[in-house]
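Protein chains in written order, with my numbering: chain A, 1 to 247; chain B, 1 to 247.
Cβ atoms here follow ideal geometry from the backbone N, Cα and C, with glycine treated the same way.
Inspection log for the structure reproduced underneath, given as structure tokens.
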DNA sequence: GCAAAAGTGTTAAGGCTACACCCATGC
DNA sequence: GCATGGGTGTAGCCTTAACACTTTTGC
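In structure tokens form, the structure reads like this:
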């Protein structure tokens, strides 16, 4: 906290919007802040000799325990008014640190937004030292967010929608084996609209990126759906061109 | 140059890829650097109390004389190895400035890439104080670029392609009145491939965003093509949904 | 046996591609 | 008059969207 000024690239931070999919719901990993009812995106600073991507990977590893993460920068947020100097000033006081006027944390920060796609079950949510909890929240039921984090989240979602046909979104968010209705719900959640079941299946099958397994998902209350897995090689190939058609 | 450390946000720059269209060619505005055969993208720094967008607008205003500019950030380039400390160190020496080791210019810089679309005929190319010339260069015939500027340019072009159906690209790059073949050439240049003349016309007309004027472009060596102008209101509206179909 | 979810096929409409002919102009 | 580019229409194919019935399962 005191040495940050020497260790980190000045005036620069990054924030990560980490998406996961569970219970047929799209979720975002958030940190509960101390002494307020605000939540924050996991974020961090960039070491002086570190690439942005490495810094984001590091942050994600610390919050989720996952190493192999799909990460993508999507926007820089640089409004001079976005920095909350008061928050950091209070926080430093509480930590008993002499908050000089030019303390590195009290300057303006420009933040690079990254979004990440992770497999829900692989994640071990871990708070950082500025927060009291680290939890998944339903995308459509998110509480008060810190500073401009709401705006960052919205922009991430917008980007995710646009890139749905060009990024391995299903592959990164779903477990190895999944059912067609699960895949469809994922698409519906991201796009925010209902899709036709039959047309969805046909389209997905036509891409040739799925392998239907012989197993079915038992235990549900109804007809057992087939399990599928991705044919990764064909998926990657298909993404280069973009999956045909829009939703 | 000496006060920069106090005026600017530290370790942060921006670079602009300025696209124009002339002679049925897509062009990029570049700066010729002193004492080398390298060219650079117009760039600059961000004042401590300035938004990124305002800084980019300022840079563009200075290089082109244009105020109302279409600008979009597209990527952050943050590789620690991208900064060319040697270049700045030499330059400072030549300027007779004592280049202390911690001079603000000699630190690592992270740069935000913006692309701009401008109407060629409105631009008055103006070099900055680090360059000896400011000129348009054909997109497909660009010389040696400084540092990672080639990479920045390529990424800008990639983004432009992806956003072709979602941004007012024709409107910003073409003069008020233009012909259908000109519009088509613009699309072909950006996409890097030939399109069918008849299908292109039909598609463009079907969007309902063009108004065919009664005039034709005379003076060409052949049949005089009609002039068109954009129906701006409908264009804006159509872009919200994205122009249908891909190329 | 009933409610709820999953699997599947057909049809009609619209969009896309490919293609050929006529017209205007400058030389 | 000829070479060159501009304007236009059509037919076949493919994709998409809309839609209903049957099957399986747990209760």
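Check the Cβ-Cβ distances between residue 4 of chain A and every residue of chain B, and say whether any is below 8 angstroms.
-> False, the Cβ-Cβ gap to chain B never drops below 8 angstroms.
Would a check of beta-carbon distances place residue 287 of chain A closer than 8 angstroms to chain B?
-> Nothing in the structure corresponds to residue 287 of chain A, since chain A is present only between 1 and 247.
Is it right to say residue 132 of chain A is buried, meaning 16 or more other beta carbons lie within 10 angstroms of its own, or is it exposed?
-> exposed
Bridge partner(s) assigned by DSSP for residue 33 of chain A | A:131
If you pair each beta-carbon of the segment 212-219 of chain A with each one of the segment 17-28 of chain B, do three or more pairs fall below 8 angstroms?
-> no
CA-CA distance, residue 21 of chain B and residue 190 of chain A?
-> 37 angstroms
Cβ pair count under 8 angstroms reaching 3, the segment 44-64 of chain B against the segment 75-95 of chain B | no
Taking C-alpha atoms, which residue in B:196, B:84 and B:32 lies nearest to residue 130 of chain B?
-> B:32
Kindly identify the DSSP beta-bridge partner or partners of residue 75 of chain B.
-> Beta-bridge analysis with DSSP links residue 75 of chain B to B:113.
Taking residue 6 of chain A as the reference, give the member of A:48, A:24, A:26 and A:25 with the closest Cα.
-> A:48
Counting along the chain, where does the beta strand (DSSP E) carrying residue 212 of chain A start and finish?
-> 210-216
Alpha-carbon spacing of residue 138 of chain A relative to residue 120 of chain A, whole angstroms = 13 angstroms
Mind checking whether residue 178 of chain B and residue 227 of chain B have CB atoms under 8 angstroms apart?
-> yes
Relative to the C-alpha of residue 40 of chain A, which residue among A:25, A:167 and A:87 is closest?
-> Across the set A:25, A:167 and A:87, the C-alpha of A:87 shows the shortest separation from the C-alpha of residue 40 of chain A.
For residue 11 of chain A versus residue 73 of chain A, is the C-beta spacing smaller than 8 angstroms?
-> Judged by their CB atoms, residue 11 of chain A and residue 73 of chain A are not nearer to each other than the 8 angstroms cut-off.
Endpoints, the beta strand (DSSP E) within which residue 228 of chain B is located = 226-230
State the start and end residues of the unbroken beta strand (DSSP E) segment that holds residue 14 of chain A.
-> 8-22
4-residue-minimum alpha helix (DSSP H) runs that sit fully inside the segment 80-113 of chain B, ordered along the chain = 85-94
At least one CB of chain B closer than 8 angstroms to the CB of residue 52 of chain A: is that the case?
-> yes
Close-in-space but distant-in-sequence residues of the same chain around residue 84 of chain B (CB under 8 angstroms, 5 per side omitted) = Correct list, in chain order: 146 and 147.
For the beta strand (DSSP E) that residue 46 of chain B lies in, which residues bound it at each end?
-> 43-47
Neighbour flag for residue 304 of chain A against chain B, beta carbons, 8 angstroms = The requested residue 304 of chain A does not occur in the structure, where chain A is confined to residues 1 to 247.
Whose Cβ in chain A lies nearer than 8 angstroms to the Cβ of residue 9 of chain B?
-> 11, 108 and 110
Establish whether the CB of residue 78 of chain A and some CB of chain B are separated by less than 8 angstroms.
-> yes
Go ahead and label residue 149 of chain B buried or exposed: buried means 16 or more other beta carbons lie within 10 angstroms of its beta carbon, across all protein chains shown.
-> buried
Looking at the unbroken alpha helix (DSSP H) that takes in residue 172 of chain A, where does it start and where does it end?
-> Counting along the chain, the alpha helix (DSSP H) containing residue 172 of chain A begins and ends at 169-173.
What does residue 49 of chain A reach in chain B if we use C-beta pairs closer than 7 angstroms?
-> 80
In DSSP terms, what residue 28 of chain B is bridged to | DSSP output for residue 28 of chain B lists B:19 and B:137 as bridge partner(s).
Would you verify that the beta carbon of residue 73 of chain A is, or is not, closer than 8 angstroms to some beta carbon of chain B?
-> Look at residue 73 of chain A: its C-beta is under 8 angstroms from a C-beta on chain B.
For the alpha helix (DSSP H) that residue 187 of chain B lies in, which residues bound it at each end?
-> Judged by DSSP secondary structure, residue 187 of chain B falls within the alpha helix (DSSP H) whose first and last residues are 180-191.
Cβ pair residue 176 of chain A, residue 229 of chain A closer than 8 angstroms | yes
Is there contact here, the segment 218-225 of chain A with the segment 199-206 of chain A, by at least three beta-carbon pairs under 8 angstroms?
-> no
May I ask which residues mark the beginning and end of the alpha helix (DSSP H) holding residue 55 of chain A?
-> 52-64
Among A:102, A:8 and A:154, nearest to residue 110 of chain B - alpha-carbon criterion = A:8
Range covered by the alpha helix (DSSP H) that runs through residue 152 of chain B | Secondary structure note for residue 152 of chain B: its alpha helix (DSSP H) is the uninterrupted segment 149-163.
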